[in-house]
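Protein chains: 2
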Amino acid sequence: MNSKEREFDREKIGSIIRAKDVQGAELYLKELPLSERARLLSRLNEADREQLFGLLDAEFSAEIIQSLGEAQSIEILESVDADLAARVIDLVPSDDQADLLSGVDHEVAEQILAAMSPEEAVDARELMKYPWDTAGGMMVTEYLAYRETTTVRDVADDMRSNRDRYANFDIQYVYVIDAEDRLLGVLRLRDLVLARQDERVVTLMIRNPVSVIVTAGLHDLYQLFANHSFLGLPVIGHRGELLGVLERSAVEESMSEEATENYLKVAGLQGNEELRSMALFTRSRRRLSWLSINIVLNVIAASVIAVNQDVLAKVTVLAVFLPIISDMSGCSGNQAIGVSVRELTLGLVKPKELRRVFFKELGVGLMNGFFLGLLVAAAGAIWQSNLWFGAVVGVALMLNTVVAVLIGGLVPLILKRFNMDPALASGPILTTITDMCGFFFVLFFASQILEKLV
Amino acid sequence: MNSKEREFDREKIGSIIRAKDVQGAELYLKELPLSERARLLSRLNEADREQLFGLLDAEFSAEIIQSLGEAQSIEILESVDADLAARVIDLVPSDDQADLLSGVDHEVAEQILAAMSPEEAVDARELMKYPWDTAGGMMVTEYLAYRETTTVRDVADDMRSNRDRYANFDIQYVYVIDAEDRLLGVLRLRDLVLARQDERVVTLMIRNPVSVIVTAGLHDLYQLFANHSFLGLPVIGHRGELLGVLERSAVEESMSEEATENYLKVAGLQGNEELRSMALFTRSRRRLSWLSINIVLNVIAASVIAVNQDVLAKVTVLAVFLPIISDMSGCSGNQAIGVSVRELTLGLVKPKELRRVFFKELGVGLMNGFFLGLLVAAAGAIWQSNLWFGAVVGVALMLNTVVAVLIGGLVPLILKRFNMDPALASGPILTTITDMCGFFFVLFFASQILEKLV
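These protein sequences, in sequence, are chains A and B. The opening position of the first sequence corresponds to residue 0 in my numbering, with each subsequent residue numbered one higher. The opening position of the second sequence corresponds to residue 0 in my numbering, with each subsequent residue numbered one higher.
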């Protein structure tokens, strides 16, 4: 807890790099708080960054890479020499290896794999085959497995003689396998503490342990861990052979990544994996892809105003209320989307339960629509000294609030039913429809009682 | 992995509840997939839910409560009898006890605490004193600690005789304390496997182990765990006495909770902790609190249109472009907010680095503004067969895109500097300012060349 809020010193690090001061570089980085290390690396240009990593030993470089966010790690691995990247990747845990190599550009990944130590490269290629959201994509291959005839003393001897290699293993369990690597049983480390030295693991182990198949999906795995208190589970192949260990934390991390991604999509914040250290053109292009879709939808919505211009020409003040009604309905609808996406993620609602969501949202829509409509009606009526004017904008907002919460509540369910991503597409669909409806309500009601408004 | 996608059967569970079928209830719930359990519980009315929990033993009830999301657990604990709630809470781990008790209504919490077993209640009250984002608020009090003179054999004997009580402890380390409970050292469980039975823990332990003070904050703790590979750290009080154990997973979970909350706030999705099983009035009120603020900001922004009505009266078609420009600028600005909030959370940018963010955003704003502005200008010019009209709407959108990304990029930094929550306040500030600027640009430019547009 003695990491003071030290900031990095650009000149200091610059002179360390120029002097190729190996010890100085390691010492300097070790003393920086973690977030300052990340910030420093995001500020160096590619040449300096490569030289700096050249000064560090691979172990410390691997530690740094693991402490950074994935987007930043990938950016760095892509920019440094493939040999350097390979030495670093050799040292990170197997599940991170696969994630990082899948994240970098395909050609870069091949170069790094070619430069890695052959066994590590084979393992990494193996893990890269599995999608990130399956047991294979989340498992680690660092585990302890012994044949059934092994004694407790043998296990302790093995652990003693491989102390260094096992140092970073997260050992909770010891696995027992047969001559063909098939999983037979599992022992908790604490059971080894309690056992006699000459006992064989086969007599201590829990037989037929719960295991997961390498292709099992994230949501099933999450349920399994939520239902039971396992810290880790063995992952087996189709022959029953032990392939790796899936840790609870890896599953929880993946679920929370998925949830965060969903929220980002609901918010239309896809630009979010952006780092300001990326090139201007990249950052601009990433953001434009979403903006371009949005502008088309906006034009579609605004066409409702375009075809009703004659009403606006007579009652120009209505133009003041169009953006208010569009924005307020968007907010109401987004709240409903947020609730539906969350309930879908947690499994609290099924995609087919449209009726339930319809009535639940109808209630909220009527109450909030009534309240907001009354507010806007009062403001409009008082400002324009015209009750009819207030009625037009108030009723329009009321109706459109109901429309917005219904669409916001139902669209995620419908998209999910057709196997589309509810988080990504619901927002744009919502705002386009509610804008069109809102503009229509205002201008249509106004056109019906035009003589009362002028 | 054999949990089929079974759905709950409302009639079946209804008849189990009416028949007070204790075995049937447990069997039925155990066979349901986790998400179906959650959905079932969210569909039962309070009376049925209370009767159902009355049929289950406390241990299974505790398991169910832990498998639900926090919002749903709290809803259930508030609705069942305090004695039942107390029996359940007695059985969940200490850090969850404190979280749940802090989450329920204050009066309900007192009733539950009064009904809990006295030792558990004292522990829970102790933990409730610590804010959720400190070491004290995240630690568990389930750990193994032994005096320095204890031998490895004694430890194994103690573990053997308390096998049941320790069954759910997440034992990675064993702690060594002096007669006044002060922390002296720590042993990894695997070191016990490797040790001789008659060795004393004092000779095996790592002295002066890294520990954290009970008041340490989430961000410092996250850095500490990110910098080192500890699975858990001892938490000490100001005298150096051992108070609990902080697990890596608890810190990571809290950080991800904080990040999710931030994204929800950026998106204005505060209605998100809502469950549709809550009462209509509650759901409506939760959503209205945010909508009410939003409507005031909307009225402020729309006032710019109100004071420039004379321009609109002459060129009504401008009203078609006002919502487009407002919405597009909002999108561009929100992207910049997303990037800034994320960079602030990861520590990649300091609140004082306004200059850097200004120039980084200026680049993107100019590029995207130019592209979007050109698009809208072309559309406007062709539609109205008037180059001047295209120029007005195009330049307005271009300038306003620059304004939007600058505000979106900078406001989070400024709010952070004044110790305000950047995620919560940035969005409303952004849309209000960009709406005002956007409306102003369109109507002001139009007023300057009015004769060319009519």
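All residues carry an ideal CB built from backbone N, CA and C; glycine is no exception. Fair warning: this is a prediction, and the values are worked out from it, not measured in the lab.
Given a cut-off of 9 angstroms on the beta-carbon distance, is the pair residue i and residue j in contact?
| i | j | result |
| --- | --- | --- |
| L371 of chain B | L296 of chain A | no |
| L191 of chain B | V175 of chain B | no |
| M225 of chain B | L345 of chain A | For clarity, residue 225 of chain B is Ala in the given sequence; the question names Met instead. Contact: no. |
| R162 of chain B | V356 of chain A | no |
| L409 of chain B | S328 of chain B | no |
| L429 of chain A | A390 of chain A | no |
| V392 of chain B | L317 of chain B | yes |
| V319 of chain A | S384 of chain B | no |
| E360 of chain B | L398 of chain B | no |
| L39 of chain B | F7 of chain B | yes |
| R159 of chain B | L193 of chain A | yes |
| G216 of chain A | D132 of chain A | yes |
| Y145 of chain B | I170 of chain B | no |
| A114 of chain B | D82 of chain B | yes |
| I16 of chain A | L51 of chain A | yes |
| L321 of chain B | G437 of chain B | yes |
Per DSSP, what are the beta-bridge partners of residue i in this structure?
| i | result |
| --- | --- |
| I176 of chain B | B:R146 and B:L182 |
| I457 of chain A | Absent from the structure is residue 457 of chain A, since the part of chain A shown begins at 0 and ends at 453. |
| V139 of chain A | A:V244 |
| R187 of chain A | A:Y172 |
| T133 of chain B | B:G216 |
| I205 of chain A | A:V185 |
| R275 of chain B | R275 of chain B pairs with nothing; no bridge assigned. |
| R199 of chain A | A:T150 |
Are the C-beta atoms of residue i and some chain A residue less than 9 angstroms apart?
| i | result |
| --- | --- |
| F444 of chain B | no |
| L398 of chain B | no |
| K415 of chain B | no |
| P32 of chain B | yes |
| C436 of chain B | no |
| G389 of chain B | no |
| Q50 of chain B | no |
| T433 of chain B | no |
| P411 of chain B | no |
| A395 of chain B | no |
| V294 of chain B | It should be pointed out that residue 294 of chain B corresponds to Ile in this sequence rather than to Val. With 9 angstroms as the cut-off, I294 of chain B counts as an interface residue toward chain A. |
| M204 of chain B | no |
| G270 of chain B | With a pLDDT of only 44 at G270 of chain B, under the threshold of 50, the placement of this residue in the model should not be trusted; the figure read from the coordinates follows. Interface residue, yes. |
| M327 of chain B | yes |
Excluding the 5 residues flanking residue i on each side, which residues of the same chain have their C-beta closer than 8 angstroms to its C-beta?
| i | result |
| --- | --- |
| L242 of chain B | G135, M138, T140, V213, V234, I235 and G236 |
| A377 of chain B | G389 and G393 |
| T150 of chain A | Q196, D197, E198, R199 and V200 |
| K313 of chain A | L449, L452 and V453 |
At least one CB of chain B closer than 9 angstroms to the CB of residue i: is that the case?
| i | result |
| --- | --- |
| R181 of chain A | no |
| Q334 of chain A | yes |
| P130 of chain A | no |
| N385 of chain A | no |
| M366 of chain A | yes |
| I12 of chain A | no |
| M137 of chain A | no |
| E147 of chain A | no |
| E342 of chain A | yes |
| I323 of chain A | yes |
| R355 of chain A | yes |
| N297 of chain A | yes |
So, for residue i: in the same chain, excluding its five sequence neighbours on each side, which residues have a beta-carbon less than 7 angstroms away from its beta-carbon?
| i | result |
| --- | --- |
| A84 of chain B | L76 and I111 |
| A424 of chain B | L414 |
| F440 of chain A | A395, L398 and N399 |
| L55 of chain B | A24 and E25 |
Kindly list the residues whose CB is nearer than 6 angstroms to the CB of residue i, restricted to its own chain and excluding five residues on each side of it in sequence; keep chain order.
| i | result |
| --- | --- |
| E251 of chain B | none |
| E342 of chain A | V348 |
The alpha helix (DSSP H) that contains residue i, what's its start and end?
| i | result |
| --- | --- |
| I73 of chain A | E69 to S78 |
| Q110 of chain A | H105 to A114 |
| G401 of chain A | Looking at the sequence itself, residue 401 of chain A is Val, so the reference to Gly does not match. That run of the alpha helix (DSSP H) goes L386 to R416. |
| G455 of chain B | Lying before the first or after the last residue shown, residue 455 of chain B is absent from chain B, which here runs from 0 to 453. |
| K359 of chain B | L353 to Q383 |
Can you name the residues of chain D whose CB is closer than 8 angstroms to the CB of residue i?
| i | result |
| --- | --- |
| V91 of chain A | Looking at the structure shown, chain D is missing, and the protein chains on hand are A and B. |
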